[in-house]
Amino acid sequence: MASRFVSRAVSFPARWPYSPSDFTMDEGVDTNFYTFPRLVNHIDDNAIINLRRYYGQNIKPESSVLDIASSWVSHLPEDLKLSRVTGIGLNKTELEANPRLDGGKVVKDLNVDTSFPIEDGSVDAVICNVSIDYLTKPREVCLEAARVLRPGGTLHLAISNRCFPTKVIGRWLRMEEEERLEMVAAYMHFAAAEDGSRAVFKDIQIVEVVKPTWGADPLNVVRGTRI
Numbered sequence: 000m001a002s003r004f005v006s007r008a009v010s011f012p013a014r015w016p017y018s019p020s021d022f023t024m025d026e027g028v029d030t031n032f033y034t035f036p037r038l039v040n041h042i043d044d045n046a047i048i049n050l051r052r053y054y055g056q057n058i059k060p061e062s063s064v065l066d067i068a069s070s071w072v073s074h075l076p077e078d079l080k081l082s083r084v085t086g087i088g089l090n091k092t093e094l095e096a097n098p099r100l101d102g103g104k105v106v107k108d109l110n111v112d113t114s115f116p117i118e119d120g121s122v123d124a125v126i127c128n129v130s131i132d133y134l135t136k137p138r139e140v141c142l143e144a145a146r147v148l149r150p151g152g153t154l155h156l157a158i159s160n161r162c163f164p165t166k167v168i169g170r171w172l173r174m175e176e177e178e179r180l181e182m183v184a185a186y187m188h189f190a191a192a193e194d195g196s197r198a199v200f201k202d203i204q205i206v207e208v209v210k211p212t213w214g215a216d217p218l219n220v221v222r223g224t225r226i
């Protein structure tokens, strides 16, 4: 039997510690940057294999899944039977090429409009694969994820250290890896209130999926459970 991944809890400050300037990015419109499809993997094969294994261990069969900032691949195990998988992404060609998106494909820039065209409480799991670092309104996106998740549903934000440097939020490249993970965890903790007074996620954890080693892509997942 495959071993489980190691997770750890996260502690948070009393208030949301980031400023709007931390989430600025280049002035080019995302839809222009992503006009041409990129049908390539953004993490290496070992990271992909382990991300699939992580999802296989943490998403139950017959679940309804929403893949946000989606592309041509969702990294869900082929043998994991799901009730439906819906994708929201920037490039129509990439979404059309994704064989797992049998529940719908929505072309949308979440940096312009963070709303999901999904009913309240209709999803068991929301995933985001190595794209959370491109979102300029991540708290709002996490709050929207909470809206569509059923109680007990889970949000999984997969993070590596590879990126398009000109498209990530301004603070991302100025932080070490651990700081990035804590920042993403804060998106969930403070999703509904900057003072943390209203929680929509519990059991927020950082999961080490691939250890950082020379010549290999590290991979972590920040996850939380809908209250």
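For what it's worth, our numbering labels the leading residue of the sequence shown as 0, then goes sequentially. From the three backbone atoms N, C-alpha and C, an ideal C-beta is built for every residue, glycine too.
H188 is the residue among H188, R138, R225, K210 whose C-alpha sits nearest the C-alpha of V9. In this structure, the straight-line span from the alpha carbon of D202 to that of I87 is close to 26 Å. According to the DSSP assignment, L89 belongs to no beta strand (DSSP E), since it is labelled neither H nor E. When DSSP states are grouped into helix, strand and coil, P150 belongs to the strand group. Contact between the segment 181-198 and the segment 137-152 is present: 3 or more CB-CB pairs across the two stretches fall below 8 Å. Within 10 angstroms of the beta-carbon of T212 lie fewer than 16 other beta-carbons, which makes it exposed. Between K104 and E95, the C-beta spacing is below 9 Å. In the three-state reduction of the DSSP assignment, R179 falls in the helix class. Assignment of G103 by DSSP, reduced to helix, strand and coil, places it in the strand class. In this structure, D216 lies near N45, with their beta-carbon atoms less than 9 Å apart. For the pair I158 and R3, the Cα-to-Cα distance works out to about 18 Å.
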